[in-house]
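**Student:** Dropping the structure in here first, questions after.
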Amino acid sequence: MYIDKIPHTDPSTANEVTGMWILAQALKKVGIDTMYGLVGIPVTEFAYIAQGEGIRFVGFRHEQQAGMAAATHGYLTKTPGVLLTVSSLGFLNGLTATANATVNCYPMIQISGSSDRVPIDLEQGTYEGLDQLNIAKPLVKAAYRINRPEDIMTGVVRAYRAAVSGRPGGVYLDVTTPCLGAVMERSAAEATLYTPVDLCPAMVPSPQSVTRALELLASAKKPAILIGKGAAYAGVEDKVKKLVESTGIPFYPMSMAKGVLPDDHPLSALSSRSLVMEQADVVMLVGARLNWLLSRGHGKWNPAGKFIQLDIDPEEIDINRAIAAPVVGDLASSLDALLTALPQYKMSVDPDWVKTIQTEGKAKDAKFAERLVPQTVPMTHWSALSAIKKVFEKNPDVILVNEGANTLDDTRDTLLMKLPRHRIDCATWAIMGMGMGSTVGAAIATGKSVVAIEGDSAFGFSGMDFSTICRFDLPATVVVFNNGGIYNGVGENLSGNGDPAPTTLDVKARYDKLGEAFGATTYYVATPAELETALTEAIASRKPCLIDVQLAADSGKESGHIGYLNPEALIPIKV
Ligand code: ADP
Ligand code: MG
């Protein structure tokens, strides 16, 4: 048996233990019960040992996807997701996900095996030799290297604290091959292990900041509360509900904050984003950043409007626009403090403001609903989504993973979320290639059914890890919107040499066959009615399913909603 080759793996008989065994124990001490990764030299034996010690190991086909799974696991559980990678390329593949986690404030730890320091530092050329720690440093929240087995526990605790406390993020933990293989006496090794206290301390805001915020909020005639994924992460939906309902202030959710309060809540300003930006006199940001997704606080925003910002990171304040009332603390503590003091203040919300938002919202919703009426075949994004909307309405507890261009934008606009942390998308960087990883991470972390709605291009980045969904028999359905291209399938090659255009993929590709190869239940659907039936069945089965949704090649426009970010060139894509 392969495991026979592993030295010192059996702690019940060995007087000596390896760094690998100590690493597994240290992870258990901080409460890590799951690890995502892809093994090879020098971490294969470690994965065996960790699995043997009861840490669930979810093996992937590509490290980036294992990393996306770890990040999503971290986001959904408020504990660091763990990614295990091999040295050099495996490390680099995984690092893309760790960097993305850092940008999105998802707690995760990438543990990578690395080569012996000596030939690395002298650049002497060694197997998979790369100075990984220094490469990781600028891309992550913190990075540490463990060189000696007696330091493993310290390294793990520091990585955990860095990942999850304050603003969460990605942490890199470099463990050298000699350290993994180093042998220690069992008793000496056990003496290094301990259970750390208060791994994610509360950060209570100053009373002055709370008073300042409430005074400003109470003065507002046209206030709004803007909810970000920091609030979803913090699990403060009950407190946000209390704040919104006791003040009567309308709220607008950022993409992954949809469902913190139900999208169809009477005070939802989901369909009145422009109105909020143009007219609100006081905006309270709750775990949301004034970054590019909110025009950095400029553009349409009312120049006279004032901001209250609830955030855990003091350095987030004032990054783009003056914040009149920063409340720096963890959201649970900050909202508790605000709610406790709230009864002492009288709000002055103009009832017409709320009415205007509600009336405009209803009118916009009615207009939007018209898009979903035509049952066009071949399907457009809208006709396909009309079917999916019906199924989601009957299955509100399904977690939605969503990426693509038009597939992302149109799905976000169509599907109303009712529950917090049920929408996971390509988030702050608006990247592609998180789909299969996040689907696995969400299913493993929650045990809930997951549906990934993927553009055909987006699916291509991670499609092979559909096989991971199958190997682990997860209750996950992947829906591929195939319009045959990046944005759409009708790009033109200006040279006429017969090659596909840069945006062209394959509108005739049968993605369902890929699912068949790995034993999934598969569907190929060409009409909204077929799609509705397939997705209903797939969710009910709680088994791996893949639905290839045949769209028209000309459905979708370049860059979806963010075409304005392209350089102003004449790009010959039909819209
Ligand atoms: P969105 O994209 O939804 O606007 P962002 O990721 O841009 O969300 O912003 C989330 C914000 O929430 C970040 O500034 C982060 O520091 C903050 N945050 C994350 N977790 C917490 C927490 N527990 N308490 C307070 N703020 C938090
Ligand atoms: Mg496409």
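Numbered by this note's numbering, the letters in the sequence shown go through residues 2 to 576 in order. From the three backbone atoms N, C-alpha and C, an ideal C-beta is built for every residue, glycine too.
Less than 8 Å separating the beta-carbons of LEU227 and PRO251?
**Tutor:** No, Cβ-Cβ distance for LEU227 and PRO251 is not below 8 Å.
**Student:** Pick helix, strand or coil for ASP466, following the three-state DSSP scheme.
**Tutor:** It is helical.
**Student:** Looking at the structure shown, is GLN376 part of a helix, part of a strand, or coil, going by DSSP?
**Tutor:** Residue state, collapsed to three classes: coil.
**Student:** Can we count ASP319 as close to the ligand ADP, meaning its CB is less than 7 Å from some heavy atom?
**Tutor:** Flag unset: Cβ of ASP319 not near the ligand ADP.
**Student:** With DSSP as the reference, identify every bridge partner of ILE548, one or two as the case may be.
**Tutor:** BP columns for ILE548 point to VAL480 and TYR524.
**Student:** Going by beta-carbon coordinates alone, are ARG413 and SER256 separated by less than 8 Å?
**Tutor:** Yes, they are a contact pair.
**Student:** Would you kindly check if the distance between the Cβ of LEU475 and the Cβ of VAL441 is under 8 Å?
**Tutor:** Contact flag set, yes.
**Student:** Near ARG187, what residues of its chain come up, given a Cβ to Cβ distance below 8 Å and the 5 sequence neighbours on each side ignored?
**Tutor:** Counting only Cβ-Cβ distances below 8 Å, and skipping sequence neighbours, we find PRO12, ALA15, ASN16, GLU17 and VAL18.
**Student:** Go through its chain and collect everything with a Cβ distance to LYS222's Cβ below 8 Å, but skip five positions before and after it.
**Tutor:** Correct list, in chain order: ASP282, SER349, VAL350, ASP351 and TRP354.
**Student:** If we call anything under 8 Å between Cβ atoms a contact, is LEU181 one with ALA160?
**Tutor:** For LEU181 and ALA160, no; Cβs fall outside 8 Å.
**Student:** Enumerate in chain order the residues of its own chain whose CB-to-CB distance from ASP265 is below 8 Å, with the five nearest sequence positions on each side excluded.
**Tutor:** Excluding positions up to five away in sequence, the list reads LEU417 and LYS419.
**Student:** Quick check on the burial criterion: 16 or more other C-beta atoms within 10 angstroms. Buried or exposed for GLU279?
**Tutor:** With fewer than 16 Cβ atoms within 10 Å of its Cβ, GLU279 is classed as exposed.
**Student:** Note down the Cα distance separating GLY231 from PRO120, rounded to an integer number of angstroms.
**Tutor:** Going by the C-alpha atoms only, they are around 43 Å apart.
**Student:** Quick one: does the C-beta of CYS546 sit closer than 7 Å to a heavy atom of the ligand FAD?
**Tutor:** The ligand FAD is not part of the structure shown, which contains the ligand ADP and the ligand MG as its ligands.
**Student:** By how many angstroms is the C-alpha of PRO81 removed from the C-alpha of ALA189?
**Tutor:** Their Cα atoms are separated by approximately 27 Å.
**Student:** State the Cα-Cα distance for the pair LYS449 and ASN567, rounded to the nearest angstrom.
**Tutor:** The straight-line gap from Cα to Cα measures roughly 38 Å.
**Student:** In angstroms, rounded to a whole number, what distance separates the CA positions of ILE540 and SER210?
**Tutor:** Rounded to whole angstroms, ILE540 to SER210 spans 46 Å at the Cα level.
**Student:** Determine the contact status of MET204 and GLY126, defining contact as a CB-CB distance below 8 Å.
**Tutor:** Not closer than 8 Å, so no.
**Student:** From SER560 to LEU294, what does the alpha carbon distance come to, in whole angstroms?
**Tutor:** Rounded to the nearest angstrom, the two C-alpha atoms are 15 Å apart.
**Student:** Short of 8 Å in beta carbon distance, which residues of its chain neighbour GLY461, apart from the five on each side in sequence? Order them along the chain.
**Tutor:** The answer, listed in chain order, is LEU506.
**Student:** Compute every distance between the C-beta of ALA289 and the non-hydrogen atoms of the ligand ADP, then say whether any falls below 7 Å.
**Tutor:** Answer for ALA289: yes, Cβ within range of the ligand ADP.
**Student:** Can you tell me whether GLY557 sits near the ligand MG, meaning its C-beta is under 7 Å from at least one heavy atom of the ligand?
**Tutor:** Yes, the beta carbon of GLY557 sits closer than 7 Å to at least one heavy atom of the ligand MG.
**Student:** Here's the rule: buried if 16 or more other CB atoms are within 10 angstroms of the residue's CB, otherwise exposed. What is ALA192?
**Tutor:** Exposed, because fewer than 16 other Cβ atoms sit within 10 Å of the Cβ of ALA192.
**Student:** Does ALA270 pass the burial test, meaning 16 or more other C-beta atoms within 10 Å, or should it be called exposed?
**Tutor:** ALA270 comes out buried.
**Student:** Look up ILE149 in the DSSP assignment and give the residues it is bridged to.
**Tutor:** In the sequence as presented, Ile is not what sits at residue 149; that position holds Arg. ARG149 pairs with nothing; no bridge assigned.
**Student:** Between the region 484-502 and the region 521-534, are three or more C-beta pairs nearer than 8 Å?
**Tutor:** Flag = no, the region 484-502 and the region 521-534 do not touch.
**Student:** With a threshold of 6 Å on Cβ separation, who are the neighbours of PRO105 within its own chain once the five nearest residues in sequence on each side are excluded?
**Tutor:** For clarity, residue 105 is Asn in the given sequence; the question names Pro instead. Counting only Cβ-Cβ distances below 6 Å, and skipping sequence neighbours, we find ALA428 and THR429.
**Student:** Decide yes or no for the touch test of the region 354-363 against the region 302-315: beta carbon pairs closer than 8 Å, at least 3 of them.
**Tutor:** Touching, no.
**Student:** Between which two residues does the beta strand (DSSP E) containing ALA326 stretch?
**Tutor:** It spans 326-329 - the beta strand (DSSP E) in which ALA326 sits, taken as one unbroken run.
**Student:** Closest to PRO202 by C-alpha separation, out of ALA235, LEU215, ALA219 and SER220, would be which residue?
**Tutor:** PRO202 has its Cα closest to that of ALA235, out of ALA235, LEU215, ALA219 and SER220.
**Student:** Would the C-beta of ASN105 count as close to the ligand ADP, meaning under 7 Å from any of its heavy atoms?
**Tutor:** Yes, Cβ of ASN105 sits closer than 7 Å to a heavy atom of the ligand ADP.
**Student:** Can you tell me the Cβ-Cβ gap for LEU140 and LEU96, rounded? I've got them flagged as a contact below 8 Å.
**Tutor:** Indeed they touch by this definition, with Cβ atoms about 6 Å apart.
**Student:** Between which two residues does the beta strand (DSSP E) containing ASP122 stretch?
**Tutor:** It is not in any beta strand (DSSP E) - ASP122 instead sits in the alpha helix (DSSP H) that spans 118-122.
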